[in-house]
Structure formats: C-alpha cells, structure tokens
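Structure, as structure tokens:
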Amino acid sequence: MYLRNCWYLAGWRSDFADGQVHAVTILNEPLAVYVTGHGKAVALEDRCPHRAAPLSKGRREGDDIRCMYHGIMFGPDGACTELPGQPVIPPSVCVRSYLVEERHGGVWVWMGDAALADPSLIPDFIGPDSEEFAITASHLDIAAEGQLLIDNLLDVSHAPYVHEATFGAGDRKTIQMQIEGEHQAVTTRLARGVHIERWHVGRQKNPYVPDMPSDDLVINEVNVPGVFTLRTRCYAPGVQQRCGADGIPAEDPILERSVGQVVTPVAPGRCKLFFAVGPWARRAELKQRVFDIACEAFQEDEAIIEAQQQIIDKTPDRPMMTLGMDGPLVRYMNIVRRLKKEEEGEAVAA
C-alpha cells in the first residue's frame, strides 16, 4: 500500500549531472529524468506518444529532450516543441510532466495529483549538501517490496541480530532493556510519521572509535512515504545520571553521526534504498569509516529482506504476525492507512 500524493526521491542530484537522460521507475511508472541546460531537474513520462519509444533513450538538446526514434522533441513541460516533417503540432502530441523539487541534495518527484503538491511535505533530511555533517551518498537496488524495507527501518529490535557483525554486537541486553525497562524506546506519533528515541547504554566498543566506550542516544524519525533520519549522539558512559530534569544531557557528545535513508518503491518486488551518511564535519577524518560501516549494515539488511521476500513469494497466503516489538511499525502504518483513505476520498470527490 503506497501513497501517491507524496514526494519520492528519484536520485541524488549528482546522479543526473552528466547531461544524459536517465530512466527512473517509481511506483511502476517509467520516468525520463534529466537536467536542463539551465540546470533545472525535469521528470517526464518515459514514453513517446508516437510509437511508445522510451524518451530515456533520447538526447537532451538545451532544455528539451529529443526522442531518437523519429526525432520528436519535448520541452520540460511535456509539450512537443518539434515534430519533424509536420509544421503543425497537434496538442495531443505531449507527455506528462511531473512536478520536481530539489532538496537536501536530491531530486524529488511528486507522483500524485499535481494540484495537491506541497514542497513542505518533503521531510527534513541531512543530505549530501549538508555543511554540518561530512556526508557520503549512494544507493542500493533491492529485490524486495519497498514496504519490507520500511518495516525494517521502523524496527528497533533487529539490530543485535541482523547487524551483529557491524554495530549490533553485544546489544541484546540493551534491546531487552529498551523493551521492558527504564531505557525503553519512546515512540511519538507525528502528523506524517513517527519519532523514536532510545538509549544504547554501556557500549564497551563503539564501532566508529573502537577504543571509546559510550552511552548512545539514538534519535530517529520515519516519515511517509519512507524517509528515515537517524542521529546518534555518543556520550561518555553514565551520561544519564548527568542529565538535567528534562532528560537531556547537559554535556556535548563525544561524537555525532547522521544516517539518512529513503525508500523508493520501483515496481512489484523491487525498490531502491538511497542513503546519506557521515559524522560531524569537524570529525571528517571518520567519514570513510562511517560510510564503510553503513554500507556493510545496509547489505546485511538487504540480505535478510531479499530472503524474506522470497519466502513471502512462496507463501503468499500466509500473513505475518504482529508482536510487541512492532509498536513503531503499527503506529506508522495507521498513519499510512489514514492518508491512503484521504487520498481515495479526494479521488472520488474529483
């Protein structure tokens, strides 16, 4: 169940900086994405109306794109600007133009009703254009439903098992404390997502600075349609005893890192995971290490999620269970269902 009246990440701005036309698929809709000669990102329907040739196989000429089957050219608004051998251009010779916003170092495409597009609905995100953090951005192509990846991002409890080899080792006791005790994760419902705060206390080995034990405050949000932001603040052990009455540490963290992930559903059984990770800019010497560990962790997620998808495909009639550890996912999906119902109501009214 995917929402349409949302901004989906088509790719990082740098992905489209080569002057070429790129084939991008979002929600099973083929798009031709390029940057005009004036530097503006454009997304058009990837189908020439003449003989259904993909415009992504075409050529950018200035601000326009030429279909390289019969030479028909289209502008950024989707209107035909040149029809070889035919001086009068019928208005029907056009393609859909999607609304595009460039934010946080990415190209975001509105897949729903253009009249409802609101750029403020693009969630806050620390991307490759950040000055506060030394960010590296990349992506993974994953052979699984995007919803499974969103489920994973909302899941606090998988880290000590799926990520045992990277940053999860030794955290099983901590996870149990988060579920049952004083350090349990606190989930707050937002208008279009959930906010989760939790402590990883008593970490004897910090994966980013191996000789530094720490207590880590992990703050993350997941907003529709699948935008995940995480900031980890590493403090000297025992910091909770030094917190103020509001529960906020009075001291500065030893280290802070940011992890941003965006899930873009491509087609049934396929999605993209875009990610932007890095430490504080003032700790830029850790940039490569933070990126390397993140890549390993994302590949661990990829392996379990693709295996999960294969089992689901073999047992399509068997539902999954919901357990106590799934609280953030339940809250998030309630929000998605509400927004989906609103979308359907708006479509009926139109």
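Take 783 as the starting number for the sequence shown in our numbering and just add one per residue. We put the beta carbon where it would ideally sit given N, CA and C, even for glycine.
- Each of E1067, Y790 and R1013 was checked against the Cα of A825, and the nearest Cα belongs to Y790.
- In the structure shown, E913 adopts coil according to DSSP, grouped into three states.
- Of the residues assessed, K1054 falls on the buried side of the cut-off, its CB having 16 or more other CB atoms within 10 angstroms.
- The beta-bridge partner set that DSSP reports for A814 consists of A805 and L826.
- In the structure shown, K1054 falls within a strand segment according to DSSP collapsed to helix, strand and coil.
- No residue range can be given for F907, since it is assigned to no beta strand (DSSP E) and is classified by DSSP as neither H nor E.
- A contact between stretches requires three or more CB pairs, one per stretch, nearer than 8 Å, and the stretch 1008-1020 fails this requirement with the stretch 889-901.
- Q1081 counts as exposed, since fewer than 16 other beta carbons sit within 10 angstroms of its beta carbon.
- In this model, R971 and E843 are separated by some 47 Å (Cα to Cα).
- Close CB contacts of Y851 within its chain, under the 7 Å cut and outside five residues either way in sequence, are with C830, R833 and A835 (chain order).
- Secondary structure at P1110: helix, using DSSP grouped into helix, strand and coil.
- The secondary-structure analysis by DSSP pairs T918 across a beta bridge with V1059.
- Remark: C-beta atoms of W890 and I908 do not approach each other more closely than 8 Å.
- Annotation: the continuous alpha helix (DSSP H) that includes R1071 extends over K1069 to K1096.
- In the DSSP annotation of this structure, the continuous segment of the beta strand (DSSP E) that includes N1002 starts and ends at S996 to N1005.
- Judged by DSSP in its simplified three-state form, Q868 adopts coil rather than helix or strand.
- Buried is the label assigned to S1040, since at least 16 other Cβ atoms lie within 10 Å of its Cβ.
- Distance from G793 to G888 at the Cβ level is roughly 7 Å; contact confirmed, criterion being Cβ atoms closer than 8 Å.
- Nearest in C-alpha terms to G1042, of all of S920, N1116 and P995, is S920.
- When DSSP reads this structure, G887 sits in no beta bridge, so it has no partner.
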